[in-house]
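So the sequences go chain by chain: A and B.
Sequential numbering of the first sequence, starting at 1, is according to the numbering used here.
Sequential numbering of the second sequence, starting at 1, is according to the numbering used here.
Note that CB positions come from ideal geometry on N, CA and C, so glycine has one too.
What follows is one structure encoded as structure tokens, with my remarks underneath.
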Amino acid sequence: GAVVSQHPSWVICKSGTSVKIECRSLDFQATTMFWYRQFPKQSLMLMATSNEGSKATYEQGVEKDKFLINHASLTLSTLTVTSAHPEDSSFYICSASAEHYNEQFFGPGTRLTVL
Amino acid sequence: KQEVTQIPAALSVPEGENLVLNCSFTDSAIYNLQWFRQDPGKGLTSLLLIQSSQREQTSGRLNASLDKSSGRSTLYIAASQPGDSATYLCAVGYGQNFVFGPGTRLSVLP
Chain A
1 GAVVSQHPSW VICKSGTSVK IECRSLDFQA TTMFWYRQFP KQSLMLMATS NEGSKATYEQ
61 GVEKDKFLIN HASLTLSTLT VTSAHPEDSS FYICSASAEH YNEQFFGPGT RLTVL
Chain B
1 KQEVTQIPAA LSVPEGENLV LNCSFTDSAI YNLQWFRQDP GKGLTSLLLI QSSQREQTSG
61 RLNASLDKSS GRSTLYIAAS QPGDSATYLC AVGYGQNFVF GPGTRLSVLP
């Protein structure tokens with residue numbers, strides 16, 4: 001099956017710093033990538049959807065200026081958490097889908113801890 | 001707006017039992033439904049994907065059914081093992097997105 005990687009797998013940072021998370025599709029071209037957030041013992045909540053070369057579409061309640069998404073190529077999307085605070089600590093998971101396919105392939109996730 | 005629920009929220013069974021996990025969704029206009037497994041602190045492992053035109057999928061001891069008209073899916077696990085202990089999530093493909101249920105936390109006791 002298609003493989004999606006994320007880097008880093010975990011990160012600890014100080015409050016006020018920015019953190020970048022990468023999501024890569026390793027063996028297919030991902031026309032659309034999705035970013036999810038999962039708080040402890042909760043399910044995944046979609047944050048935003050991005051199509052290659054265009055601006056991301058954010059879900060209601062997600063601050064676009066805080067969570068910057070760049071889908072610069074068909075194999076890479078990045079999520080930057082700007083001025084991170086402890087309440088941003090969460091598990092961030094990306095997924096990717098190829099054109100004409102309705103299946104999403106998920107990355108292994110990135111655990112962010114903001115001190 | 002699509003809402004996905006899962007019953008039960010948690011389940012504890014002795015090893016060897018057959019069990020059923022339930023998933024319900026409010027809008028039948030889905031294009032697929034997928035069952036995932038998530039171990040604590042880990043990402044998602046895809047178990048079964050059912051397209052909207054299909055009624056069931058099987059993989060090993062797992063069988064998933066889909067009744068789109070009634071908004072239901074079940075995941076059947078045969079002869080459960082301690083290694084099956086995890087959280088099971090169902091998600092429906094809806095529009096351009098996946099909408100996830102809250103999950104069922106399964107513990108299989110040796």
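Interface annotation for the stretch 85-102 of chain B against chain A: L89, G93, Q96, N97, F98, F100, G101, P102, criterion Cβ-Cβ distance under 7 Å.
Following the DSSP letters along the chain, one finds N32(B) inside the beta strand (DSSP E) bounded by residues 32-38. At a cut-off of 9 Å between C-beta atoms, L44(A) counts as an interface residue with respect to chain B. In the DSSP assignment, K20(A) falls within the unbroken beta strand (DSSP E) covering 19-25. Contact with chain A is absent for L11(B), since none of that chain's Cβ atoms lies less than 9 Å from the residue's Cβ.
Per DSSP, R55(B) lies in no beta strand (DSSP E) segment and is marked neither H nor E. Between the alpha carbons of A96(A) and L74(A) lies a distance of about 10 Å. The beta strand (DSSP E) runs lying completely inside the stretch 58-105 of chain B and spanning 3 residues or more are 62-67, 72-77, 86-94, 97-100, given in chain order. Contacts with chain A (Cβ-Cβ distance below 9 Å) from the stretch 31-45 of chain B involve Y31, N32, Q34, F36, Q38, G41, K42, G43, L44, T45, listed in chain order.
Within the same chain, Cβ atoms closer than 6 Å to the Cβ of T32(A) are found at N51, S97, the five residues on either side in sequence being excluded. Residue state for P86(A) is assigned as helix, using DSSP reduced to three classes. When the Cα atoms are used, Q6(B) and Y76(B) turn out to be separated by approximately 14 Å. At least 9 Å separates the CB of Q29(A) from every CB of chain B. Taking C-beta separations shorter than 8 Å and ignoring five residues to either side along the sequence, the partners of S59(B) in its chain run L47, L48, following chain order.
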